[in-house]
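Protein sequence lines correspond, in order, to chains P and C.
So in our numbering, spot 251 of the first sequence is number 251, and the numbers just go up one at a time.
So in our numbering, spot 659 of the second sequence is number 1659, and the numbers just go up one at a time.
For every residue, glycine included, the Cβ atom is placed at its ideal position computed from N, Cα and C.
Each remark here refers to the structure printed beneath this line.
2 protein chains.
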Amino acid sequence: MIRLFLVCALAVSAQAAPALMPLPVKVNLSSGALPIDGTFGATTTGVRDARLDAAMRRLSDRLSVQTGIPFLGPAASTLKIDCASKGTDYPTLGEDESYTLDVTPEGATLKAATVDGAIRGLETFAQLVAPAEKGFAAPAVHIEDSPRFPWRGLMIDSSRHWMPLPVILRNIDAMAAVKLNVFHWHLADDQGFRVESKKFPALQAKGSDGHYYTQAELRQVIAYARDRGIRVVPEFDIPGHTLAWLPGVPTIASTAGPFEIGRTWGGFDPIMDPTKEATYKFLDAFIGEMVKIFPDPYFHIGGDEVNPKSWNENPKIKAFMDAHKFNPAALQAYFNQRVSKILTKYHRIMIGWDEVLHPDLPTTTVIQSWRGNKALAEAAAKGHRAILSWGYYLDHLRPASYHYGIDPLGGPAGELPADAQKRILGGEACMWDEYASSETIDSRIWPRMAAIAERFWSPKDVTDVDSMYTRMGVVSRNLEWLGLQHRADFQPMLDRIAADRPDHPLRTLADAVEATGLGTGRGRGVQPRYTQQTPLNRLVDAARPESELVRSMELAAKRMTPEDVAFLREQFTVWAANDARFQPLINGDGLLAELSPLSKDLSALGAAGLKILDAIASSQPLPADWVSQLKTDITRMERPTVEVRMAATRPVKLLLDAATAPKTK
Amino acid sequence: MIRLFLVCALAVSAQAAPALMPLPVKVNLSSGALPIDGTFGATTTGVRDARLDAAMRRLSDRLSVQTGIPFLGPAASTLKIDCASKGTDYPTLGEDESYTLDVTPEGATLKAATVDGAIRGLETFAQLVAPAEKGFAAPAVHIEDSPRFPWRGLMIDSSRHWMPLPVILRNIDAMAAVKLNVFHWHLADDQGFRVESKKFPALQAKGSDGHYYTQAELRQVIAYARDRGIRVVPEFDIPGHTLAWLPGVPTIASTAGPFEIGRTWGGFDPIMDPTKEATYKFLDAFIGEMVKIFPDPYFHIGGDEVNPKSWNENPKIKAFMDAHKFNPAALQAYFNQRVSKILTKYHRIMIGWDEVLHPDLPTTTVIQSWRGNKALAEAAAKGHRAILSWGYYLDHLRPASYHYGIDPLGGPAGELPADAQKRILGGEACMWDEYASSETIDSRIWPRMAAIAERFWSPKDVTDVDSMYTRMGVVSRNLEWLGLQHRADFQPMLDRIAADRPDHPLRTLADAVEATGLGTGRGRGVQPRYTQQTPLNRLVDAARPESELVRSMELAAKRMTPEDVAFLREQFTVWAANDARFQPLINGDGLLAELSPLSKDLSALGAAGLKILDAIASSQPLPADWVSQLKTDITRMERPTVEVRMAATRPVKLLLDAATAPKTK
């Protein structure tokens, strides 16, 4: 099936309007457009289905928000939906998600084999609608589309910081908008156990600070996702990363206790005791309760980063290991086999992180690779189905282009035999929440997730980074109309940092920097160390993972048309003048005070940029010692300050390279 | 009671931090501050009460959003709440809402006679929290506070445009933040019947386009408001403004039908027939159903703008009027008396708009004056209790200062004897929704509503407009953290107007103009006329009722410090250059194309502003013919174009007046 998608020709240049993302397999634009006005309506000519009806209502509601047009009263049959079959009521891995969409000035027709395919096509239709000379319109187009990978996921960590229900629901909306189909929900970890158990209510009573999802809410999320063609795969990470379970069920622990919820990041010593039968009795009962809530056939048991310290130090566990000639890895494999049997009893397929891979584990187990694409290839080579998460860690706050450049079938996986490649089901982006709160998580996921979603859906040769950024910018704005807060939260957070002072200079600074993430500078050297109670209210929390402004300046610095030069000059002028405006605002505001050095750096970069532009304009060389000092300064500025990256160095560096390059005439 | 508030001294200068709004009766700041960190907690020392517990949780949640600090685990007793009594479970007109609040560096104490008073005090405490040198803090302060008027309301029209539940809930949050205590809900009008009736399901089935509040949702709203010390007064506007009722209950109509929901604005001929017993039988049953849902003792029957055309033209009604020697006004009075008896049977007090005032009506009826403060005084003089809405019509989109300048006891009411003045209960702002959708309503209500809330709560002599604007700016930003969309929706709407073009030039234009409202330019001369299905997606919908930028420029033009001059010069430069950037963006986008003349005007004003600043700087006179032409241009620009006001004329005019004033040295 995957091969079929790859041979389809890309019939539209990546830059062409409309901004479709993920880019469909085939897009043939023709002349004319279908007007979208107050009479818009969608009707079905194929099967009737409650999920399809709901999707049509959502399209109408969404277009209403998108266009400002209330759709009321009798509607025309503007969009005819011909859905051949209902497909499965709950979305299924590998289901046919293909569709064709034809738009003419007279009307539109969407054809799909299943409701899930129709749901994907409706999202494409929504992306086609844009302002026109009179009102709104969708361009005439013929689209054929289907996904490259059947498993296209996003993992959200609800443990380390509590993510209230609306956060989850709006992110599912956004997932649907870019045709993702798996919501992997990390529901328990050292820092919080977030699910209501009726069999073991002490789990949430003692492990959640009162912040957990009731069973009714879990069912609501599952129904919400199902309506959007999205599966929900729950993850209960065991036997490690389980500190928040233990206050509620201390008898299954590897140490004596008492236990408290973890408040810092990184692993903790107490984990589950895999040598006690009580552990399996508990897990059987707990999993038995959860499978009644989560209908998905896949059940994620985590299995990552098991710290064997307490196993080695507990005499009973040590004796068990010695008796079975187990090292800790083998003990974990034994644990996994026991859990695997429980899951099989409940008709669930096990999925776990890299570390669960072990010869004793049945090959039905799906492996999620986070440690590298080599691990992915290894799992597939050994007969496991596997999904790639390495390279898709959103919480590292790397640029979208970085993630976009990583292919689930790239690297070692690309060298596997065809049958092993087929076992690579797709990928999942991961959003771990050490440094994200309900206020900031949207901006840590979106819009970059859209670039990854395109990697998972579109043909392999869709790789034009500039096109991706252009379309991602449009998607980013459109997601706001679905309720995503990734752009809306920026200004209120700056307002808060600035207290009631004028925050324009802060905004200028914030637009020129980028937040660091886990492993890329966040928390590095910060004292006291971050805990779950540390406020996430500083510039690093408001700042974006990628600066749109700086990216546009980089493009301008490469092109250097007269308009580009004027734009750069204007922006450098603003930067150069900014610190003089910023410093007087500090006045006792600690959140502003820590930004003082950063603000000075930005103004220095602005002044340097202006000087370089002057030199280029006058074809005069820049003084060598000045250039040398600037390079030293830029190197220093490239190291994060107060946990943010000075993105503004990049266009200055591009110009400096251009101005100091040897003439090659 | 009201006199007591008036004699309290205002102990804090209006400009002083913190930004409290409404300004309390007495605020004594002292040195030092109470740090707000992760250990913050509130405890009660007086009565325990579920509403108070909920209010304390909300404070904690709100501070968490406000500061970015997660409040988890064991909390300190930072804020002690001493509430003397529960008061009533449902908020009551005239209840004691007073409180005192003491903050010291060691802790805070809130004392109140009732839970409603404590709820008001908690809002004040939240307003005290601001960034400090280290983290966040509340300044040491002694506050004594109580409201001037017992009826402080906001009316929202859910009929003309559908307002989904989240819109209502977040506006109730914002109401609580500024200590309003009456949510007046306009639930039915010609354009939509928005309530579920189980006795008469045809009402919502045929009158709502599917957009109505279920009874469970109504109860949810009432409970939500009650938790925040806010009463919910339902309005069912009868006998006019009832076209959306009639498809469901055609037998009570004054004409033959068939009937359809009204789609345009203004009145419609078919109304209720007050001569039929069936009408009263229906109303008795319907009101009997509604009073089971709405616990408030006050029940609003509208009664405004009854168009007697169909009464005069219907032979049976005409015969009835002749037989009783009724003119249409007398017939309406007869109708109101009949309805009044029904309400009395259900233990409800009638409230109606001005037009219901009639000698035959019992003086227990409360009059809501929308036609003028003379009408208010007349009602109070005749023994009715009354509330003022004239002057508080938010949908006219007048500046906050306009509303702030209108006092419920100003004008004729101020000349009434003391006992009649006491019958003036307060005021209500009105948000009619001909030109507001769920997307735009927040920005039409907030932040201006906060200025009106201060008029209703604070002592009469709190009238400093500059102080009000300063504090309103802070409240406006803080409301974002409660989920209000009045600022967040601006940029996404501009993004939509600009399609996927760079929208910085549009933003510059949008920041310099103001939206017109009903009666101030909206819809004037627009063809085809607005209907309920007309998109509310143009600049006039995105633009704010008041331009914050222009206001700051006006202040600068009056002060003219060197910083002010630099600020004005910078802004005029941006305006002058903007049209050259704006015009190329139009390119087939109809929503941008209509703004072309406006954009040219803005750049002309920018160029003129620069020229005037040059003249002032060089003490050179401006050419007389140029001045004359500019004045002509400004007069033209002051008339709305594409339904927006060119606010940018105002600072230019101020400067022009200064530059051309006769020298008086």
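Using a Cβ distance threshold of 8 Å, residue 396 (chain P) and residue 519 (chain P) count as a contacting pair.
Shown in chain order are the members of the region 533-561 of chain P whose Cβ falls below 9 Å from a Cβ of chain C: 533, 534, 535, 536, 537, 538, 541, 552. 1065, 1066, 1067, 1068, 1069, 1070: these are the residues of the region 1040-1070 of chain C whose beta carbon lies less than 8 Å from some beta carbon of chain P, given in chain order. When the alpha-carbon of residue 1034 (chain C) is set against those of C:1308, C:1023, C:1071, C:1136, the nearest one is in C:1136. A direct Cα-Cα distance of roughly 50 Å separates residue 1305 (chain C) from residue 1044 (chain C). In the structure shown, residue 1236 (chain C) falls within a strand segment according to DSSP collapsed to helix, strand and coil.
By the neighbour-count definition (other C-beta atoms within 10 Å, threshold 16), residue 1298 (chain C) is a buried residue.
Classified as exposed, residue 201 (chain P) has fewer than 16 neighbouring CB atoms from the shown chains inside 10 Å of its CB. The alpha carbon of residue 1237 (chain C) has as its nearest neighbour, out of C:1055, C:1488, C:1159, the alpha carbon of C:1159.
Between the alpha carbons of residue 401 (chain P) and residue 394 (chain P) lies a gap of roughly 12 Å.
Inclusion of residue 1579 (chain C) and residue 1547 (chain C) in the CB contact set at 8 Å is not warranted, their separation being larger than that value.
Around the beta carbon of residue 186 (chain P), 16 or more other beta carbons sit within 10 angstroms, so the residue counts as buried.
Around the CB of residue 1103 (chain C), 16 or more other CB atoms lie within 10 Å, so the residue is classed as buried. Secondary structure in the region 285-322 of chain P: the beta strand (DSSP E) runs of 3 residues or longer, each lying completely within the stretch, are 298-300 in chain order. For the 8 Å CB-CB criterion, residue 606 (chain P) and residue 635 (chain P) do not form a contact.
In this structure, the CA atom of residue 24 (chain P) is about 48 Å from the CA atom of residue 628 (chain P). Taken atom to atom, the span from the alpha-carbon of residue 63 (chain P) to that of residue 170 (chain P) is near 17 Å. Residue 497 (chain P) reaches chain C at 1131, counting residues in chain order whose Cβ is nearer than 8 Å. The DSSP assignment places complete alpha helix (DSSP H) segments of no fewer than 4 residues inside the region 1011-1096 of chain C at 1050-1067, in order along the chain. Partner residues in the beta bridge of residue 350 (chain P), as assigned by DSSP, are P:299. Contact annotation: in the region 449-482 of chain P, residues whose CB is within less than 7 Å of a CB in chain C are 474, 477, 480, 481.
Here the region 1332-1339 of chain C makes no contact with the region 1376-1396 of chain C; the two share fewer than three CB pairs at distances below 8 Å. Where residue 615 (chain P) is concerned, the enclosing alpha helix (DSSP H) starts and stops at 596-618.
At a cut-off of 8 Å, the C-beta of residue 500 (chain P) has a neighbouring C-beta in chain C. Cβ neighbours of residue 1278 (chain C) within its own chain (closer than 7 Å, five residues either side excluded): 1251, 1252. Residue environment analysis places residue 363 (chain P) among the exposed positions, since fewer than 16 neighbouring C-beta atoms fall within 10 angstroms of its C-beta. Using beta-carbon distances, residue 19 (chain P) counts as an interface residue toward chain C, with a partner under 8 Å.
Its Cα nearest to that of residue 452 (chain P), the residue P:428 stands out among P:444, P:474, P:428, P:475.
Taking a cut-off of 8 Å on C-beta distances, the region 117-135 of chain P touches the region 77-97 of chain P, as three or more cross pairs fall below it. Assignment of beta-bridge partners to residue 111 (chain P) by DSSP yields P:82, P:100. DSSP assignment within the region 1618-1650 of chain C yields no whole beta strand (DSSP E) run of 3 residues or more. Against chain C, the beta carbon of residue 161 (chain P) has neighbours under 9 Å at 1070, listed in chain order. With three or more CB-CB distances shorter than 8 Å, the region 1143-1155 of chain C counts as touching the region 1091-1098 of chain C. Against chain P, the CB of residue 1613 (chain C) has no partner CB under 8 Å away; the residue lies outside that interface. Chain-ordered, the chain C residues with CB closer than 8 Å to the CB of residue 588 (chain P) read 1132, 1133. Looking at the DSSP output, residue 1369 (chain C) sits in a beta bridge with C:1388.
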